[in-house]
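Enquirer: Numbering (my numbering), first residue to last: 2 to 741. Would you mind keeping the following structure in view while I ask a few things?
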Ligand code: ZN
Ligand code: ZN
């Protein structure tokens, strides 16, 4: 049997007039009545090829009607082969309009929609008839697939010129086209001009708005549709449900489910999946599960939606149960688990799932997997693993896009290797605003303000417009490097020069810059000038500055605002307690401690992680769970001894006299988690390796001093990443110049 790749018999474009197979009119009419049922009965491509061969023998292949049917069966049936259809098409001397339309239609839904448009252009010159109402909807569909706004717009113009501008099929496809290209306004205009709107017209416009992140408008349109007495169908309801999910409007979603039942709208897999998705997005996993269990048919989308529901509600036991029960796990299912763990602050679990995925050999990680996994590496400071993923991407020839580039830069920067980050940055040709911003952020967190500013001016030279993220990173850079004037300049240029309206984050950065440099009054003035009410983060920046410059009254004011806005955030109490402690107000400290205990506020525990020999080790304050615990503590004793010799005294004023410290007063050192991690690093890493520690909270003054001393006494480079920035300790100094 012929296969798809079998070359066709080469034929002249025109039949030989003297050949006995020349078709005369009688033969044509008698034979095509016989061949049409034959074509219709074909159930696979092999049978069609036999009919094709037979038609070539009898000369019927040159009968436009029969051939059009043959090509249509070949291009559009369930066993279609568009390549074979195209080869036949190229052999017909003069394809009729029907055949041109068939090919345009088939290509529009193929993997290669651009062919549809190319055939359409050929048709304009090669077909004696003009494109008609069966041509335009499909070539417009191809333009939608390609998001080719200009091409589609030109085709729209042609349709109007050929007096087809009010054809409902064409208008419906134009609504979909403009919506897909993101021009909701034009979609709405075309819809408005549609004279007799049918259910497809309404479905198109509702779907366009639902998918264009305008759920309110989509639901409004649905109500209009009802008012116009157009009966909705299952496709309408899929659009409406998607809008409910986006609005997180469970009540309306439930009403829609009742509406579906009341109006006897045919349930099918797609509609059930839409209901499932609505429940999950609205946070009702229970209702989703009830539907899921009674669904007669489930596909990979149903399973993945259910998995996503459990993962989003952090119910990992049930998520894993669904995952294990899935008939097959595609990469989307793996991605749900990895990204959910990563985003809920469980990077270790995320990496464990990634390891499982690699062991299972199939499916292969895709871009989404790698972005989530790199983010997990960043959180942990796991540079070895992050580097391995980079190598993997190169080996597998994974195409870099802006997301992956940004993730790689961010991973290297957060894991302390700025040179590598810069290498990735320099290796890409096309840099969008996110890639540039990631590099600025990298320099910012390492306190290299000048370099960050440099990158920013290069970005402007490259004619890339900065966005809100760029400015947050830029202001952070100024703040970490103490570049007060530059920070002020950028802040006041944001709106007039770059049309980026300063948001809360920018104000918080600016308060930080002003406050830290001692301009407390100016910082307060700035807060008073804010157009939106200041958030806890803005007051927090002021409070931190007060702590630094010892402005006690202002600190209390800032703190009362913070506690009002966010009363259950333990961090605020720690900050205030520090200020009390600094000024020796011990009674206030213990009053605050009692208040926190009474309110039952849970503290965020300090946790430091360090990567050694390919695995990540985590430490909590004063913990003794690590297998090398004994060695670590004797190392700490040794450190304490050596520090004492150089005159070090634990800095009690930096202590957070608030939480756990009193439990370990007996030890010569305050046993914050970063000290344990550094001691472990001294034991496990070779002297040439830098000791890289990631801490979830801010580093305290005592740990900062100790790290500086260790870097000198032991001749080691220590990189400590805290919540906001990096500290590079080398030879007794820190890159932050004690300004953090
Ligand atoms: Zn500390
Ligand atoms: Zn530092």
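Even glycine gets a Cβ: it sits at the ideal position worked out from N, Cα and C.
#1: Heavy atom of ligand 1 less than 8 angstroms from the Cβ of residue 608, yes or no?
#2: Please classify residue 25 as buried or exposed, where buried requires at least 16 other C-beta atoms within 10 Å of its C-beta.
#3: Give the straight-line distance between the Cα atoms of residue 280 and residue 306, rounded to the nearest whole angstrom.
#4: Leaving aside the five residues before and after residue 27 along the sequence, list all residues of the same chain whose C-beta is less than 7 angstroms from its C-beta, in chain order.
#5: What's the gap between the Cα of residue 354 and the Cα of residue 419?
#6: What would DSSP say about residue 696, mapped onto helix, strand or coil?
#7: Helix, strand or coil for residue 658, going by three-state DSSP, please let me know.
#8: Could you tell me which uninterrupted alpha helix (DSSP H) segments, each at least 4 residues in length, are contained entirely in the stretch 92–177, listed from first to last along the chain?
#9: Around the C-beta of residue 502, are 16 or more other C-beta atoms found within 10 angstroms, so that it is buried, or is it exposed?
#10: List the endpoints of the continuous beta strand (DSSP E) containing residue 611.
#11: Which residues bound the beta strand (DSSP E) around residue 722?
#12: Straight-line CA distance for residue 621 to residue 241?
#13: Taking the CB atoms as reference points, tell me whether residue 563 and residue 550 lie closer together than 9 angstroms.
#14: If I measure Cβ to Cβ from residue 499 and keep anything under 6 angstroms in the same chain, skipping five residues before and after, which residues do I get?
#15: Residue 627 by DSSP, collapsed to three states: which one?
#16: Just confirm the distance between the C-beta atoms of residue 141 and residue 175, as a whole number of angstroms; I'd bet it's less than 8 angstroms.
#17: With hydrogens ignored, establish whether the beta-carbon of residue 605 is closer than 8 angstroms to any heavy atom of ligand 1.
#18: When you compare each of 522, 584, 583, 571 to residue 604 by their alpha carbons, which one comes out closest?
#19: On the premise that residue 289 lies in contact with residue 277, defined as a C-beta separation below 8 angstroms, what is that separation, rounded to the nearest angstrom?
#20: Determine, using beta carbons only, whether residue 42 and residue 48 come nearer to each other than 9 angstroms.
#21: Would you check if the stretch 450–458 and the stretch 710–721 touch, i.e. whether three or more CB-CB distances between them fall below 8 angstroms?
#22: With distance defined between alpha-carbon atoms, name the residue in 214, 212, 244 nearest to residue 224.
#23: Report the CB separation of residue 100 from residue 77 in whole angstroms; it is logged as a contact under 8 angstroms.
#24: Which class does residue 731 belong to by DSSP, given the choice of helix, strand or coil?
#25: Hey, would you say residue 328 sits closer than 9 angstroms to residue 380, going by beta carbons?
#26: Can you tell me which of 521, 373, 719 puts its alpha carbon nearest to the alpha carbon of residue 733?
#27: Are residue 346 and residue 611 touching if we call contact CB-CB under 9 angstroms?
#28: Going by beta carbon distance, what residues of the same chain come within less than 6 angstroms of residue 728, once the five residues before and after it are set aside?
#29: With hydrogens ignored, establish whether the beta-carbon of residue 673 is closer than 8 angstroms to any heavy atom of ligand 1.
#30: For residue 616, which of helix, strand or coil comes out of DSSP?
#31: Determine the burial state of residue 297: buried for a count of at least 16 other Cβ atoms within 10 Å of its Cβ, exposed for fewer.
#32: Quick one: measure Cβ to Cβ for residue 488 and residue 514, integer angstroms, because I've assumed they're closer than 8 angstroms.
#33: When every heavy atom of ligand 1 is checked, does at least one fall within less than 8 angstroms of the C-beta of residue 299?
#34: Hey, out of 232, 236, 38, 194, whose CA is closest to residue 208's CA?
#35: Indicate whether residue 234 and residue 200 have their beta-carbon atoms separated by less than 9 angstroms.
#36: According to the Cβ coordinates, are residue 165 and residue 130 closer than 9 angstroms?
Expert: According to the structure data:
#1: no
#2: Confidence is the limiting factor: at residue 25 the pLDDT is only 43, short of 50, which leaves the residue's position unreliable and the question unanswerable from this model.
#3: 10 angstroms
#4: Confidence is the limiting factor: at residue 27 the pLDDT is only 45, short of 50, which leaves the residue's position unreliable, though a coordinate-based value still follows. Nothing listed; no residue qualifies.
#5: 28 angstroms
#6: strand
#7: Only weak support exists for where residue 658 lies, its pLDDT of 46 falling under 50; the value from the coordinates is given anyway. DSSP places residue 658 in coil when its eight states are reduced to three.
#8: 98–109, 115–127, 137–146, 150–162
#9: exposed
#10: 608–613
#11: 719–722
#12: 49 angstroms
#13: no
#14: 467
#15: coil
#16: 6 angstroms
#17: no
#18: 571
#19: 5 angstroms
#20: yes
#21: no
#22: 244
#23: Actually they are not in contact, since the Cβ atoms of residue 100 and residue 77 sit about 12 angstroms apart, beyond 8 angstroms.
#24: strand
#25: no
#26: 719
#27: no
#28: 721, 735, 737
#29: yes
#30: strand
#31: exposed
#32: 4 angstroms
#33: no
#34: 236
#35: yes
#36: no
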